Amino acid sequence: MQKQLSNVSIQSYQDYQPSRRYGQQYEPGGYAAAVQQRTNMTQREDALKFEQGRIRALQEERLHIQKKTFTKWINSFLQK
């Protein structure tokens, strides 16, 4: 006759799913995943800021060229 030492069966232990009540940081790998997610968001934000700065610089350059072209056109028109 086998003696049962606890009321927890092996099958119920294998089927155990951690509670979502405490959030991801308390699950295995949760803290590392949260840190990685923050790192990814920071990298994404940095890339977004870089691209926005690049777009702004290109817009300013285009505006400068348009002003220069317009000035040349007006000067050539007035010389005639």
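At position 48 of the sequence shown (counting the first as 1) the number is 42 in my numbering, and the numbers step up by one without a gap. Idealized CB from N, CA, C, for every residue including glycine. All of these numbers come straight from a predicted model, not from anything done at the bench.
Using the C-alpha atoms, what's the distance from residue j back to residue i?
i     : j     : result
Ile68 : Gln31 : 55 Å
Arg56 : Gln37 : 28 Å
Lys66 : Gly47 : 29 Å
Glu39 : Glu45 : 10 Å
Thr63 : Thr33 : 45 Å
Leu42 : Ser70 : 42 Å
Arg50 : Lys61 : 17 Å
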